[in-house]
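What follows is a short report on a single structure.
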Amino acid sequence: MPDTQLASLLQTAAMREAASAVLEESDARTGDIQWDDVSDAVSSSQWGRLISAGVLTSTDTGFVVADPDELAAELAAHTDAESTEHTDAPAIESASWTIYDKAAAVGAIGLFAGYWNSSIQTTIASVDNQLLAPVMNLLPFHIVVLVLAVTTGVYSTYLQSRLMDHETLQAYKDRMAALKERREAAKERGDDEALERIQSEQMDAAGDQLGLFKLQFRPMVWIMLLTIPVFLWLRWEVRGGHLGASEHGMVVPLAGHVAWQHALLGPMATWIVWYFVCSMASRQFLQKTFNIQAST
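Residue numbers for the sequence shown follow this note's numbering, so the first one is -18 and each next one is one higher.
Pasting the structure below:
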């Protein structure tokens, strides 16, 4: 089989273990081998993958390793990687927060208090109103909400793309996927010793959860720092009775004309639903258009 195909097959530790067991059994026997000969170390699905990939070829009485020397050489090349994967892997480290990130987090928490404290909300909304009042005089409220939602969607997507450490996030996903695959293979072949070892590695990997949370939350604090004031201003406009006399609501498909403060989707008011629809649509458009990777 081609070297690239064999290398791809042996990317995971579970398949390297299976291939190594098959090669060892083949070397120990003078005749062909069957799956029953290695079923304690190789699952049925792994056996099938070795056959479909051409590592094993069929004969009249069983199977043989197509090219033992090539397989042995490829397994030897993966020895270091396999050793690393079977020992306690080091915690995945992400970039630490800067003093600016921490300041942004404190600021976001302070702004968040505006949802419960009317004084804070009024102060923030009054400052925003100095910039947004001229826009309200030019455009109807539903268009203002659309513009603000698209604007927040644009900078949210940009900040998430720039501040998210996608390489570290992918490394964590790959590590957990590899552990899951090895666990399933060990369960299928009934290898209790391997299951205990993998469970220990999974417990060690759980220590990465805090780092993963910090990794994902870093762009969020910057997004909240810019988004919360906008949302508080919209809330202040609608609930505080600051909309113009002509701003009664909007026409919604199936629901008809709905007032801005009335519940439209569960307990969510019309203006909140309209804002989130516009924001999510703009973010999806930007991510698809510019192939921006979103976080998970």
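Think of the CB as a built atom: it goes at the ideal place given N, C-alpha and C, for glycine as much as any other residue. For clarity, every value in this text was computed on a predicted model and none was experimentally measured.
Proximal residues to residue i (C-beta, below 7 Å), its chain only, five neighbours per side dropped
i	result
A94	I101
A0	L(-9), L31, V36, L52 and L56
L113	W214
L196	S75, D146, T149 and L150
G247	none
Whether residue i touches residue j by CB criterion (7 Å)
i	j	result
V211	L129	yes
T40	D13	yes
L176	A166	no
D82	R199	yes
A(-5)	E174	no
V239	G230	yes
L206	G88	yes
Burial state of residue i (16 or more Cβ within 10 Å)
i	result
T68	Any reading at T68 must be qualified, since the residue scores a pLDDT of 45, below 50, and its modelled position is unreliable; no value is offered.
T65	No answer about T65 holds up, because its pLDDT of 47 lies below 50 and its placement is not dependable.
T208	buried
I90	exposed
S260	buried
Q151	exposed
I80	exposed
F44	buried
F271	exposed
A62	Here A62 scores only 49 on pLDDT, less than 50, and its place in the model is too uncertain to base an answer on.
S227	exposed
W97	exposed
Which residues DSSP lists as bridging residue i, in chain order
i	result
H238	V232
V297	Not covered by the structure: residue 297. The range shown for the chain is -18 to 277.
A166	Answer is none; A166 lacks a bridge partner.
V202	Answer is none; V202 lacks a bridge partner.
Neighbourhood of residue i by C-beta, 6 Å cutoff - its chain only, sequence neighbours within 5 removed
i	result
A86	V202
T132	none
D109	P210 and W214
S263	V131 and G134
R164	I179
Q183	L160
W255	V126
Top-ranked residue by Cα proximity to residue i, from the options
i	options	result
P234	E228, L245, A226 and I105	L245
V46	E6, T79 and S25	E6
V135	I204, H229, A34 and I253	I204
L119	F44, I253, G225 and F271	G225
D137	L(-13), Q268, T38 and Q(-14)	A small correction: the amino acid at residue 137 is Ser; Asp does not occupy that position in the sequence shown. If we check each option's Cα against that of S137, Q268 comes out closest.
A(-12)	A54, S26, Q27 and V258	A54
T104	Q(-14), G221 and I253	G221
Close beta carbons around residue i, own chain, < 8 Å, minus the five adjacent residues each side
i	result
V116	V125 and V128
A22	E(-2), A(-1), A2, R170 and D172
A250	V219, W241, Q242, H243 and A244
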